[in-house]
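Enquirer: First the structure, which I've put down as structure tokens, then a few questions once you've had a look.
Numbering (my numbering), first residue to last: 157 to 899.
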């Protein structure tokens with residue numbers, strides 16, 4: 157079923173049609189949906205392939221509305237006329253909507269018809285068809301890529317009208333839904349970012365503490381600047397491994413440039429993918445050194461390796477599976493059905509099927525009784541067969557980003573399961589963007605409590621779902637991540653899981669944190685974003701090993717007075733609460749790297765904030781700060797400083813002491829001038845000054861040799877002043893108005 161079918165001339169509107177489709181699908185889209193409307197748009201040229209007409213009629217029959225892109229070209233298009241004619245034969249004329257992209261279509265109110273039917277932009281089949289003026293939007297000015305952006309206010313206004321019609325709403329109501337949807341998107345992105353940051357810290361706490369990697373390129377390359385920059389650009393899988401090559405073959409290095417011996421050397425190799433494995437090739441000798449190889453030939457064979465250095469003889473096509481193959485990697489194949497030959501490989505231990513189009517997992521999956529890892533993530537599965545419970549040796553099951561709503565009771569039979577991923581994978585979050593649509597389960601069986609060996613569980617919970625109390629039986633759990641679309645609740649038994657190292661409850665209605673939290677002495681990561689918290693128990697400060705604490709999007713009015721007790725904190729997120737002041741004790745968090753305090757009601761900062769020598773990122777945006785303490789210049793490691801949306805009227809000259817700063821966001825303040833010391837920010841790459849009261853900029857900005865982006869719009873700056881800055885900074889991209897870059 158489609159909400160609308162777009163009929164258009166491919167020659168005239170080949171750019172406009174996909175932009176319209178995308179905008180309608182995304183407008184006011186709830187963050188948990190992939191799209192808000194189902195819009196059909198034929199991407200082929202019917203004049204070339206008339207045999208596609210049968211598919212077109214099927215789509216027309218399934219559509220509620222017809223959106224006709226009216227233009228002189230579509231008026232003459234044989235296939236547009238044919239589509240409209242078919243529509244009139246089967247649907248009401250009231251369900252035809254127009255987007256005028258070229259030409260004219262003037263309505264005569266006196267005679268209830270369109271003027272000049274022979275020279276307007278409507279197909280002849282519509283001449284005299286209307287008794288009253290039909291709905292249409294005027295898109296004739298939308299020509300460039302910028303015009304067709306949903307961020308363009310003119311384009312967005314017309315999309316609002318059309319989207320409201322398709323949804324059966326008034327434009328004002330549709331606009332309200334867009335605002336609500338946008339706020340939810342911001343919430344989910346912020347919480348997802350925080351979640352990712354928490355997991356990064358959990359995986360590599362030592363790397364964050366004391367900012368050890370700050371000078372990795374310099375340490376490796378010494379005074380060789382080119383080599384240092386090259387090393388900075390190297391891709392490291394999950395911030396750990398890079399692929400290198402020498403005369404002998406391929407190997408992996410860590411962030412110090414040292415060879416990772418456990419990952420071996422290979423004749424050929426690829427970097428680790430989002431599956432957590434790397435594809436490699438090795439010459440097999442008679443005496444194979446590989447644990448899982450039975451080869452006796454000397455040819456080059458395929459393997460995959462995991463990040464622990466284990467190697468598995470592998471195949472990448474089902475037809476290549478023989479008795480020696482331990483791992484079958486079919487990631488990204490766009491499979492819709494699993495080939496039956498797969499189920500003959502009963503020796504398989506690893507089966508990777510992510511990013512396909514599988515809708516059904518056959519019962520035959522139960523025949524693969526030696527499977528230890530099964531990755532079915534990023535498919536279209538709507539259910540799991542009971543045979544899933546026959547995989548008794550399974551240790552890792554990844555089902556994230558499917559269309560599952562019910563977890564079967566058979567899941568409880570997987571008594572050797574150690575990891576169950578229903579929401580996301582750590583590697584997936586690191587290697588994909590965060591604009592995702594998680595799956596939220598309506599039914600979670602009590603049998604989940606039988607998974608006594610489970611150490612890691614992540615799951616999305618629908619608002620009406622009931623998480624069974626049996627989850628409290630999972631005593632081996634070290635990582636529990638629960639995400640809710642709308643304030644789901646959890647049973648009190650969850651507080652029995654005292655062996656947890658990571659506890660992330662985002663969007664879960666906790667209301668009040670129990671005193672039992674103080675008994676979670678192994679906890680290193682705690683995230684309770686959007687949990688409806690208004691107070692924090694003193695016992696929270698007993699968690700001496702905590703390295704990441706996220707409490708954003710709650711109703712907390714007080715910042716913990718004795719926060720210094722959490723001496724191992726590397727990341728602290730207290731954003732979007734109602735905090736008015738910070739205690740001086742915040743300066744005692746000597747290992748803090750990330751501090752997020754945006755969206756509060758802070759008026760001033762304590763001078764002790766300057767004691768955070770390891771701080772790399774400080775977010776103070778959307779508060780009520782009117783000044784900054786001069787001690788802010790003591791933040792020797794600071795790279796990112798977000799101050800947008802405050803009431804700052806001036807900056808202390810000590811701002812120039814932030815030698816490591818690369819990003820400074822000062823938009824939407826009340827700055828009338830900048831200190832000359834801003835020119836001392838030698839590493840600054842991005843500076844946003846938009847939305848202030850600046851009439852001029854200091855000439856010392858000429859010293860900002862590394863500045864790449866400067867945003868200046870919504871300031872009373874004369875054109876002469878802007879051009880002067882451009883002369884001072886010839887290599888900098890200067891934004892003088894939204895979407896306009898000074899050449």
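Glycine residues also receive a C-beta, built at the ideal position from the N, C-alpha and C atoms.
#1: In chain order, which alpha helix (DSSP H) runs of at least 4 residues are fully inside the stretch 188-265?
#2: Among 873, 528, 706, which has the Cα closest to the Cα of residue 689?
#3: What does the alpha-carbon distance come out to for the pair residue 797 and residue 772?
#4: Please return the same chain residues whose Cβ sits closer than 7 Å to the Cβ of residue 542, not counting the five positions on each side in sequence.
#5: I'd like the list of long-range same chain contacts for residue 167, defined as Cβ closer than 7 Å, with 5 residues on each side in sequence excluded.
#6: In chain order, which continuous runs of the beta strand (DSSP E) of length 3 or greater are located wholly inside the stretch 746-786?
#7: To the nearest angstrom, how far is the alpha carbon of residue 409 from that of residue 431?
#8: Secondary structure at residue 402, three-state DSSP: helix, strand or coil?
#9: Is there at least one Cβ from chain C nearer than 8 Å to residue 467's Cβ?
#10: Could you give the distance in angstroms between the alpha-carbon of residue 789 and the alpha-carbon of residue 799?
#11: Would you kindly work out how many angstroms separate the C-alpha atoms of residue 743 and residue 751, rounded to a whole number?
#12: Can you tell me the Cα-Cα spacing of residue 476 and residue 523, whole angstroms?
#13: Could you compute how far the alpha carbon of residue 134 sits from the alpha carbon of residue 278?
#14: In three-state DSSP terms, what is residue 984?
#15: From this set, 417, 739, 175, which residue's C-alpha is nearest residue 315's C-alpha?
#16: Whose C-alpha, out of 471, 420, 609, 791, is nearest the C-alpha of residue 837?
#17: From 748, 323, 701, 424, pick the residue whose C-alpha is nearest to that of residue 194; which is it?
#18: Could you check what DSSP says for residue 909 in three-state terms: helix, strand or coil?
#19: Residue 415 bridges to which residues according to DSSP?
#20: Are the beta-carbon atoms belonging to residue 681 and residue 644 less than 8 Å from one another?
#21: Run through DSSP, which three-state label would residue 663 get?
#22: If distances are taken between C-alpha atoms only, which option among 683, 624, 670 comes closest to residue 635?
#23: Who pairs with residue 158 in a beta bridge, going by DSSP?
#24: May I ask you to list the residues that DSSP assigns as paired with residue 616?
#25: Run the CB neighbour count on residue 404, radius 10 Å, all protein chains shown included, and call it buried at 16 or more, exposed below.
#26: Run through DSSP, which three-state label would residue 857 get?
#27: Leaving aside the five residues before and after residue 549 along the sequence, list all residues of the same chain whose C-beta is less than 7 Å from its C-beta, in chain order.
#28: Output yes or no for whether 8 Å exceeds the beta carbon distance between residue 802 and residue 781.
#29: According to DSSP, is residue 867 helix, strand or coil?
#30: Residue 322 by DSSP, collapsed to three states: which one?
#31: For the alpha helix (DSSP H) that contains residue 880, what are its first and last residues?
#32: Return the Cβ separation of residue 456 and residue 439 in integer angstroms, given the expectation that the two are a contact with Cβ distance under 8 Å.
#33: What's the C-alpha gap between residue 882 and residue 888?
#34: First and last residue of the alpha helix (DSSP H) that includes residue 178?
#35: I need the DSSP call for residue 603, collapsed to helix, strand or coil.
#36: How many whole angstroms separate the CB atoms of residue 611 and residue 557, which I take to be in contact at a CB cut-off of 8 Å?
Expert: Quick answer:
#1: 209-218, 228-232, 234-246
#2: 706
#3: 9 Å
#4: 564, 566
#5: 229
#6: 750-752, 773-775
#7: 19 Å
#8: strand
#9: In summary, chain C is missing from the structure at hand, where a single protein chain is found.
#10: 14 Å
#11: 12 Å
#12: 19 Å
#13: Residue 134 is absent from the model: the chain starts at 157 and stops at 899.
#14: In the structure as shown, the chain begins at 157 and stops at 899. Residue 984 is therefore absent and cannot be evaluated.
#15: 175
#16: 791
#17: 323
#18: Missing from the structure shown is residue 909; the chain here goes from 157 to 899 and no further.
#19: 409
#20: no
#21: strand
#22: 683
#23: 219
#24: 639
#25: exposed
#26: helix
#27: 525, 526, 527, 528, 572
#28: yes
#29: strand
#30: helix
#31: 875-884
#32: 5 Å
#33: 7 Å
#34: 172-182
#35: helix
#36: Contact flag wrong, Cβ pair sits at about 22 Å.
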